[in-house]
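Heads up, the sequence shown is in numbering that gives the first Met the number 0, so the first residue is 0 and it goes up one at a time. Glycine included, every Cβ here is placed at the ideal spot set by N, Cα and C. On a predicted model such as this, the values are computed, not experimentally measured, just so you know.
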Amino acid sequence: MRRWLGSGTPGRDLMLAGASLAGGLILYGLGWQPQVRPHPDVPQVLFLPPLLAVCVAVGLRRVAPRASLAVGTGALVVDTALGSSLGTILIYTQVLYDACVYGPPRLWRWLLRVTVGLSLLGAVVGVVGFGQWRGVAVGVPVVLAGLLPVLTGISVRQYRDQAAAERARAEQTARLVELDRRQAVSAERARMARELHDVVANHLSAVAIHATAALSVPGLDRAQVESALRVIRESSVQGLAEMRQMIDVLREPEPSGGQPSAGGDPALPDAVTARLAEADGLVDRIRAAGLAVRVRTDGTPGPLPVGVDLAAYRIVQESLTNALKHGTGEAELTIAYRPAEVVLTVENPVRPGGTDLEGAGAGLIGMRERATLLAGQFAAGPHDGHWQVRAALPTGVGG
C-alpha cells in the first residue's frame, strides 16, 4: 500500500485529484458563494462537471502532461463561461504548475509566454476600460491564477533538473573512479607478474638445467656433481633473496615502531637492489650455469633512474636466461650508454633441436612491457642467423 502511494506513483496523483475534488465539493456544499461573478439564471449544479474535469486533469499530471493541460484548460473555459467558480480556478493553478514541472520544456516555455501575454492584455484592457491606471488591477487575477503557478513550476523544474544533472555527474564520477581503480589493480597485477617471473623463473631455469644435466649424464665424477650442486645452490639462494626483497616491497609498512630504510624514504625500500651496475654478478652466475657470455660496454656508465635501472637489469637477466635455455652455450651482451638512453643487446645462436625447457612466452612479453612503460623500444627475433634481443630505454637526460 505504501509503495502504491509513494512519491511519483500514479496512486499519489489519484489521491491528490481526489483531495482536490473533495475540497471543491466542500466549497460548493457550504454555499460560500464559490462563483466570483455568478449569473443568477445559471444553476449552480452546472459548475460541478468543470470541477470534476479539472480534478481529472490533476490525476493525469504525470502520465500525460499535455492531456492534463488540455482537459484542465477546457474545464476552465467552460467554468469561466458559466461565471468562474473559485474552486475550479484554484485547482487549475495546480494543473498549470504540474504542466511546467512534468511536461516537456517546450510546454512550459509556451505557457510562460501565454500567461505573460494574458497578464499584460488584462492590464491594458483594464486601463482602457476604466480610463485610469487603477484599471491595471484587471490583470492581477491572471497573474495570481496563471503567471505565478507557471513561474513556481518553472523554478521547481529547474531545481529538479539541476539535481538530476548533479546525480548523473556523481554517478559518472563514481564509474570513472571504479574504472581507474580496476585499471590500477590490473596494472599492479601485471607488474607483480613480471617481477615474479623475473625473480622466480630465471633462477628456477638454472636449477632445472643443472639438475637435468646431473640426472641425465651418466658417469659424472664428484667434482662435476659438486659444480652442478653449487650452481643449483647459488641460484636457489639468489632466488630466495630476491623473493624476500619482493615480499618486503609488497608488505604493508609497520603502523608504528618500524625501522625506516637507510635512505629515509619508505616508498623506496633498500630491498630493491637489482641494478644494471650489478650485471657483472649476474653474468658470473650465468657463466657458472654453463653459458659463455661475452660482455662489451660502449660509453661511460653513469647513474640511471631507478625504473630504468631495474628494467635494464631484468631485461638482461631474462635475455641471458633464454640464451641459456634455448641457445648453443654462448651469448654476447652489449651495454651501450648514450646521452639520452641506454641500449641493451643480447645475441646468441639458437639450438637447432630446441630444448626440453620450453617457455610460455611470458619473458618476452614482460621485457616488452618494461620497455613500453618507460617509453622505450624493444625488439626480439632472428637476426643474421642468431636470436637478438634489443632494448633502448630512455634515461631522461641529454639532448
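Say whether the segment 91-102 touches the segment 55-71, bearing in mind that this needs 3 or more beta-carbon pairs closer than 8 Å, one atom from each stretch.
yes
Output the distance between the C-alpha atoms of Thr394 and Ala278, rounded to the nearest integer angstrom.
Stepping through the sequence shown from its first residue, residue 394 is reached at position 395. Stepping through the sequence shown from its first residue, residue 278 is reached at position 279. Distance between the alpha carbons of Thr394 and Ala278 is about 18 Å.
Are there 16 or more other CB atoms within 10 angstroms of the CB of Ala261, so buried, or fewer, so exposed?
Taking the sequence shown and counting its residues from 1, the one referred to as residue 261 is at position 262. With a pLDDT of 37 at Ala261, under the threshold of 50, the modelled position of this residue cannot be trusted; read the value that follows with caution. By the beta-carbon neighbour count (other beta carbons within 10 angstroms, threshold 16), Ala261 is exposed.
From Tyr312 to Ala374, what does the alpha carbon distance come to, in whole angstroms?
By 1-based counting over the sequence shown, the position of residue 312 is 313. By 1-based counting over the sequence shown, the position of residue 374 is 375. So the alpha carbons of these two residues sit roughly 17 Å apart.
Count the other CB atoms within 10 Å of the CB of Ile453; is the residue buried (16 or more) or exposed (fewer)?
With the chain represented from 0 up to 398, any question about residue 453 goes unanswered, as that position is not in the structure.
Quick check on Ser185: buried or exposed, where buried means 16 or more other Cβ atoms within 10 Å of its Cβ?
Numbered from its first residue, the sequence shown carries residue 185 at position 186. By the neighbour-count rule (16 or more Cβ atoms within 10 Å), Ser185 is not buried but exposed.
Candidates Gly121, Gln43, Val282, Leu15, of which the one nearest Ala136 by Cα:
Indexing the sequence shown from 1 puts residue 136 at position 137. Nearest option by C-alpha distance: Gly121.
With a 10 Å radius around its C-beta and 16 neighbouring C-beta atoms as the bar for buried, classify Ile314 as buried or exposed.
As a position in the sequence shown, residue 314 is number 315, starting the count at 1. Buried.
Report back the beta-carbon spacing between Met366 and Ala390 to the nearest angstrom; my notes put them in contact at under 8 Å.
One-based indexing of the sequence shown puts residue 366 at position 367. One-based indexing of the sequence shown puts residue 390 at position 391. That belief holds up - the Cβ atoms of Met366 and Ala390 are roughly 7 Å apart, short of 8 Å.
How far does the beta strand (DSSP E) with Gly380 in it reach, from first residue to last?
In the sequence shown, the residue the question calls residue 380 occupies position 381. 376-382 is the extent of the beta strand (DSSP E) around Gly380.
Over what stretch of residues does the alpha helix (DSSP H) that includes Ser168 continue unbroken?
Residue mapping note: residue 168 aligns to position 169 of the sequence shown, counting from 1. The sequence shown places Arg at residue 168, rather than the Ser named in the question. 147-195 is the span of the alpha helix (DSSP H), which, as asked, contains Arg168.
Suppose the cutoff is 6 Å on Cβ atoms and the five residues either side in sequence are ignored; what does the same chain contact list for Gly380 look like?
By one-based count along the sequence shown, residue 380 stands at place 381. Nothing meets the Cβ criterion.
Assumed close pair Val55, Ala21 - CB separation to whole angstroms, cut-off 8 Å:
Locating residue 55 in the sequence shown gives position 56, where the first residue counts as 1. Locating residue 21 in the sequence shown gives position 22, where the first residue counts as 1. Their Cβ separation, rounded to whole angstroms, is 14 Å, which puts Val55 and Ala21 out of contact at 8 Å.
Since I believe Gly58 is in contact with Leu13 (beta carbons under 8 Å), could you give me their beta-carbon distance rounded to a whole number of angstroms?
Taking the sequence shown and counting its residues from 1, one reaches residue 13 at position 14. Taking the sequence shown and counting its residues from 1, one reaches residue 58 at position 59. Gly58 and Leu13 do touch by the CB rule: their CB atoms are close to 5 Å apart, below 8 Å.
What do you reckon, are the CB atoms on Glu317 and Ala189 nearer than 8 Å?
Within the sequence shown, numbered from 1, the residue matching residue 317 stands at position 318. Within the sequence shown, numbered from 1, the residue matching residue 189 stands at position 190. Not in contact: Glu317 and Ala189 (Cβ atoms no closer than 8 Å).
Can you tell me which of Val349, Arg174, Lys324, Val305 puts its alpha carbon nearest to the alpha carbon of Leu392?
Counted from its first residue, the sequence shown places residue 392 at position 393. It is Val305 whose Cα lies nearest to the Cα of Leu392.
For Gly23 versus Leu50, is the C-beta distance shorter than 8 Å?
The count along the sequence shown starts at 1 and reaches residue 23 at position 24. The count along the sequence shown starts at 1 and reaches residue 50 at position 51. For Gly23 and Leu50, yes; Cβs fall inside 8 Å.
Please classify Leu290: is it buried, with 16 or more other beta-carbons within 10 angstroms of its beta-carbon, or exposed?
The residue given as residue 290 occupies position 291 in the sequence shown. It is buried - the Cβ of Leu290 has at least 16 other Cβ atoms within 10 Å.
If I measure Cβ to Cβ from Val155 and keep anything under 6 Å in the same chain, skipping five residues before and after, which residues do I get?
Position 156 of the sequence shown, counted from the first residue, corresponds to residue 155. By the criterion of a C-beta distance shorter than 6 Å, Val155 is surrounded in its chain by Val100, once the five residues flanking it on both sides are discounted.
Considering only the beta carbon of each residue, do Glu346 and Ala330 sit closer than 8 Å?
Reading the sequence shown from its first residue, position 347 is the one you call residue 346. Reading the sequence shown from its first residue, position 331 is the one you call residue 330. Contact flag set, yes.
Whole-angstrom distance between Ala287 and Asp269, CA atom to CA atom
Sequence index remark: in the sequence shown, residue 269 carries index 270 (1-based). Sequence index remark: in the sequence shown, residue 287 carries index 288 (1-based). Confidence at Asp269 is low in this model, with a pLDDT of 39, below 50, so the placement of that residue should be treated as unreliable; the coordinate-derived value is given next. Approximately 27 Å, taken between the alpha carbons.
For Ile246, count the other beta carbons within 10 Å of its own beta carbon; 16 or more makes it buried, fewer makes it exposed. Which is it?
Here residue 246 is taken as the residue at index 247 of the sequence shown, counted from 1. So Ile246 counts as exposed.
On the three-state DSSP scale, how would you describe Ala390?
Counted from its first residue, the sequence shown places residue 390 at position 391. Strand at Ala390.
With Thr333 as the anchor, note down where its beta strand (DSSP E) starts and where it stops.
Within the sequence shown, the letter at position 334 stands for residue 333. Here the beta strand (DSSP E) through Thr333 covers 329-336.
So, with DSSP's three-state summary, where would you put Arg431?
A query on residue 431 cannot be resolved here, the shown segment of the chain reaching from 0 to 398 and no further.
Is it buried or exposed for Tyr158, if we count other Cβ within 10 angstroms and need 16 for buried?
Indexing the sequence shown from 1 puts residue 158 at position 159. Counting Cβ neighbours within 10 Å, Tyr158 comes out exposed, since fewer than 16 surround it.
Output the boundary residues of the alpha helix (DSSP H) element that contains Val127.
Stepping through the sequence shown from its first residue, residue 127 is reached at position 128. Run containing Val127: 104-129, per the alpha helix (DSSP H) assignment.
In the DSSP assignment, find the unbroken beta strand (DSSP E) run with Glu346 in it and report its ends.
As a working note, residue 346 is residue 347 in the sequence shown. Per DSSP, Glu346 belongs to the beta strand (DSSP E) from 340-347.
Considering only residues of the same chain and omitting the five flanking positions on each side of Gly102, which have a CB-CB separation below 6 Å?
For the purposes of this step, residue 102 is taken as residue 103 along the sequence shown, with counting starting at 1. Closer than 6 Å at Cβ, skipping near neighbours: Pro64.
Which of the three DSSP states, helix, strand or coil, is assigned to Ser84?
Taking the first residue of the sequence shown as position 1, residue 84 is located at position 85. Correct three-state label for Ser84: strand.
Based on DSSP bridge pairs, tell me the residues matched to Gly326.
Here residue 326 is taken as the residue at index 327 of the sequence shown, counted from 1. Looking at the DSSP output, Gly326 bridges to Val349.
Run the CB neighbour count on Trp107, radius 10 Å, all protein chains shown included, and call it buried at 16 or more, exposed below.
Position 108 of the sequence shown holds residue 107. Buried, because 16 or more other Cβ atoms sit within 10 Å of the Cβ of Trp107.
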